Amino acid sequence: MRKFAMLSGAIALLGAMTPVERARGRYMRGPEGHDTKTPQQLALETKAAFDRAIDGVKAIAEEALGKAKAGEQLSDGLKEKADEALTTANEVKGLMSELEQKLARETQQQQVALTAGERFVGADEFKSFAGQTRPRGRVIVDVKDITSLTTDAAGSAGALIPVDRRGLQVELPQRRLTIRSLLLPGTTSGNQIEYEREKLFTNNAAPVAEGALKPQSELQFEDATANVRTIAHWMRASVQILADAPGLQSIIDQRLRYGLAYAEEQQLLNGSGTGQNLLGLVTAATPYAAPGSLTATSQIDIIRLMILQAALAEYPPNGIVLNPIDWAAIEMQKDDQGRYIIGNPQGTLSPTLWGLPVVATQAMGVDKALVGAFNLAAQIFDRQDATVDVSTEDQDNFVKNKVTIRAEERLALAIYRQQAIVYGDLGRVA
């Protein structure tokens, strides 16, 4: 009966594996360390062996169960079959474990972040177009993510200057883009976002005696819309660039894609909300007014009071946006003994002030500051991720042997709570 229990356990173990796990193929190494079979071949053989092992175990299990129910003893021959079936099943299970480990290692090695340019030149649509003797027509490739995040993931601002540089031999100046990472992300399939913007909250909650009239509070909203806007630009290049993948990749990553992100950051901060402009954070922010009759005597004090103003509106801030010149001026402030007040020339920590992260960007005006709960104040809605369009459909292109490369994206910015962001002067510049 102990053998029967082991057999039942093996059935449970093998039966718990999914068809995907059973069918997954891996490379196997030969005696000299060379690949001997393709993943497809090994997948078929492993699946067949696994199916045979399961069928054998199930057949023996059914026979054993029938004998057990009839009160018969298991014969030596049946026990030997059970041993053989269990051994085969264990061998197949070991094989699949080895294959799984190998694929995991290979997958890990292949997980290299690709830039937008690399995805474009590697797309089948572009390869087919560029492979023509005389390319004519248009090819569009969605390069998906274009963001201002500062991580090392594909599509982030950090990936705009990869360690392994190819194509452009001289590094072009690029601004570090960070504003998008402060805001709540979102997507939309429409051309306009309609939402309710909180206008006023009057809280009259108070202790009330039994039977007495309860006080009434007021919560006012106003209708608001955020229109989807297009950010785009294009440039001409020689048609020979289609055969030069590294060169085209550099144009897309270093100029076209970065140009979109640059314009996007300007719009997210300073968009006027008129014409084809987004309504930016600075335009929608609440003007700074020192609360509580407090007086600021330095730029650091002003930022502290901005934080207080947003906090008193019940929106505790999560970030500070400054121009790099103003942040440098703050870090360089010293006491009477020549010691830095907050700056640390040998420090390696991320810039912070009053416990909040500081985002230094040239998109912010000099002697200005923006403080707020950005994740509560606004949300980005991406309508169309960055798309690269290559075309020769132009008479000027045809006669001059040129190609037009265009990049564009579409997005909207919804400002939910203007009280959550405070904007004002630092008073450093007269």
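Plus 51 on top of the position in the sequence shown (first one is 1) and you've got my numbering. Glycine included, every Cβ here is placed at the ideal spot set by N, Cα and C. Model, not experiment: these values are computed from the prediction.
field: Inter-residue CB distance, L307 and L319 (contact presumed, cutoff 8 Å)
entry: By 1-based counting over the sequence shown, the position of residue 307 is 256. By 1-based counting over the sequence shown, the position of residue 319 is 268. With a Cβ gap of about 19 Å, L307 and L319 do not count as contacting.
Return the chain-ordered ranges of every beta strand (DSSP E) run that is complete within the region 265-293 and spans a minimum of 3 residues.
269-278, 280-289
So what's A428 in DSSP terms, helix, strand or just coil?
-> One-based indexing of the sequence shown puts residue 428 at position 377. Here A428 sits in helix by DSSP.
| said: For A288 and E460, I'd like the C-alpha separation in whole angstroms. | reply: For the purposes of this step, residue 288 is taken as the residue at position 237 of the sequence shown. For the purposes of this step, residue 460 is taken as the residue at position 409 of the sequence shown. A288 and E460: Cα-Cα distance of roughly 21 Å.
Q.
In this structure, how does DSSP classify G370 when only helix, strand and coil are distinguished?
A. Indexing the sequence shown from 1 puts residue 370 at position 319. In the structure shown, G370 sits in a strand (DSSP, three-state: E or B).
- In terms of residue numbering, what span does the beta strand (DSSP E) encompassing V422 cover? By one-based count along the sequence shown, residue 422 stands at place 371. From DSSP, the beta strand (DSSP E) with V422 extends over 419-423.
- Task: For T229, count neighbouring Cβ atoms within 10 angstroms of its own Cβ and tell me buried if that reaches 16, exposed if not.
- Result: What you label residue 229 is simply residue 178 of the sequence shown in a count that begins at 1. Label assigned to T229: buried.
I'd like to know if the region 322-336 and the region 242-261 are in contact, where contact means that at least 3 CB-CB pairs between them fall below 8 Å. no
*Name the one or two DSSP bridge partners that R461 has.*
Reading the sequence shown from its first residue, position 410 is the one you call residue 461. Its beta-bridge partners are T281, Q435.
Excluding sequence positions up to five away, which residues of its chain have a Cβ less than 7 Å from the Cβ of R468?
Here residue 468 refers to the residue found at position 417 when the sequence shown is read from its first residue. These residues qualify, in order along the chain: E249, Y366, L427, A428.
Which of helix, strand or coil DSSP assigns to V450:
On the sequence shown, residue 450 is found 399 positions in, with the first residue counted as 1. In the three-state scheme derived from DSSP, where H, G and I count as helix and E and B as strand, V450 is classed as helix.
### 8 Å contact criterion, which A414 and E316 should meet: CB distance rounded
In the sequence shown, residue 414 corresponds to position 363, counting from 1. In the sequence shown, residue 316 corresponds to position 265, counting from 1. 5 Å between Cβ atoms; contact.
Quiz prompt | Cβ-Cβ separation, Q360 to A340 (assumed contact under 8 Å), whole Å | solution = Against the sequence shown, residue 340 aligns to sequence position 289. Against the sequence shown, residue 360 aligns to sequence position 309. Going by Cβ atoms, the distance from A340 to Q360 rounds to 7 Å, so yes, they are a contact pair.
### Alpha-carbon to alpha-carbon, A411 and R390
Locating residue 390 in the sequence shown gives position 339, counting from the first residue. Locating residue 411 in the sequence shown gives position 360, counting from the first residue. Going from the Cα of R390 to the Cα of A411 covers about 23 Å.
- Message: Considering only DSSP beta bridges, list what G394 is partnered with.
- Response: Numbered from its first residue, the sequence shown carries residue 394 at position 343. Beta-bridge pairing links G394 to no other residue.
Does DSSP put A341 in a helix, a strand or coil? In the sequence shown, counting from the first residue as 1, residue 341 sits at position 290. Coil at A341, not helix or strand.
Return helix, strand or coil for I456, following the three-state DSSP convention.
As a working note, residue 456 is residue 405 in the sequence shown. Three-state result, I456: strand.
Quiz item: Are the beta-carbon atoms belonging to A458 and A424 less than 7 Å from one another?
Solution: By 1-based counting over the sequence shown, the position of residue 458 is 407. By 1-based counting over the sequence shown, the position of residue 424 is 373. Against a cut-off of 7 Å, the Cβ pair of A424 and A458 comes out as no contact.
Practice problem: Could you check what DSSP says for E365 in three-state terms: helix, strand or coil? | Solution: Here residue 365 refers to the residue found at position 314 of the sequence shown. Coil at E365, not helix or strand.
_Where R170 falls: helix, strand or coil (DSSP)_ = Counting from one through the sequence shown, the residue named residue 170 turns up at place 119. Helix, per DSSP.
Check: Which first and last residues belong to the alpha helix (DSSP H) in which A380 is found?
Finding: The sequence position of residue 380 within the sequence shown is 329, counting from 1. Element bounds for A380: 375-382.
Could you name the residues of the same chain whose beta carbon sits closer than 8 Å to that of T334, not counting the 5 residues immediately before and after it, in chain order?
-> Within the sequence shown, the letter at position 283 stands for residue 334. So the qualifying residues of the chain are N321, G322, S323, G324.
- By how many angstroms is the C-alpha of V422 removed from the C-alpha of D476? Locating residue 476 in the sequence shown gives position 425, counting from the first residue. Locating residue 422 in the sequence shown gives position 371, counting from the first residue. Near 11 Å, if we compare the C-alpha coordinates of V422 and D476.
Open item on the list: Please give me, in chain order, every unbroken run of the beta strand (DSSP E) with length at least 3 that falls completely inside the region 222-261.
Closed with: Those beta strand (DSSP E) runs which fall completely within the region 222-261 and span 3+ residues are 243-253.
query = From which residue to which residue does the beta strand (DSSP E) around V333 run?
reply = Against the sequence shown, residue 333 aligns to sequence position 282. It is not in any beta strand (DSSP E) - V333 instead sits in the alpha helix (DSSP H) that spans 332-335.
*Going straight from the alpha carbon of W285 to that of A364, what length do you get?*
The residue you call residue 285 lines up with position 234 of the sequence shown. The residue you call residue 364 lines up with position 313 of the sequence shown. Whole-angstrom Cα-Cα distance: 44 Å.
task: Since I believe I303 is in contact with V454 (beta carbons under 8 Å), could you give me their beta-carbon distance rounded to a whole number of angstroms?
output: The residue given as residue 454 occupies position 403 in the sequence shown. The residue given as residue 303 occupies position 252 in the sequence shown. Not confirmed; about 13 Å, so no contact.
Requested in this report: On a CA-only basis, which of V417, F180, P396, I431 is nearest Q350? Give me that one, please.
Outcome: On the sequence shown, position 299 is the one that residue 350 refers to. Nearest C-alpha to Q350: V417.
For L219 and A481, what's the separation of their Cα atoms in angstroms?
Walking along the sequence shown from the start, residue 219 turns up at place 168. Walking along the sequence shown from the start, residue 481 turns up at place 430. In this prediction, L219 has a pLDDT of 42, which is less than 50 and means its spatial position is unreliable; what the coordinates show is noted afterwards. Answer to the nearest angstrom: the Cα atoms are 43 Å apart.
Original post:
Can N278 and S268 be called in contact, C-beta distance under 7 Å?
Top reply: In the sequence shown, counting from the first residue as 1, residue 278 sits at position 227. In the sequence shown, counting from the first residue as 1, residue 268 sits at position 217. No, they are not a contact pair.
Practice task
Starting from L320, trace the alpha helix (DSSP H) both ways and give me its first and last residue.
Solution key: Taking the first residue of the sequence shown as position 1, residue 320 is located at position 269. Its alpha helix (DSSP H) spans residues 309-321.
Task: Burial state of V473, where buried means 16 or more other Cβ atoms lie within 10 Å - done: The residue labelled residue 473 in the question sits at position 422 within the sequence shown. V473 is buried by the Cβ-count criterion.
Between which residues of its own chain and D433 is the CB-CB distance below 8 Å, once the five residues before and five after are set aside? In the sequence shown, the residue the question calls residue 433 occupies position 382. Cβ neighbours of D433 beyond the five flanking positions: P236, G237, T238, T239, E460, R461, L462.
Quiz item: Between which two residues does the alpha helix (DSSP H) containing G298 stretch?
Solution: Reading the sequence shown from its first residue, position 247 is the one you call residue 298. Looking at the DSSP string, the run of the alpha helix (DSSP H) that includes G298 is 296-301.
Original post:
When you compare only the Cα positions, how much space is there between T253 and S344?
Top reply: For the purposes of this step, residue 253 is taken as the residue at position 202 of the sequence shown. For the purposes of this step, residue 344 is taken as the residue at position 293 of the sequence shown. Straight-line Cα distance between these residues: approximately 22 Å.
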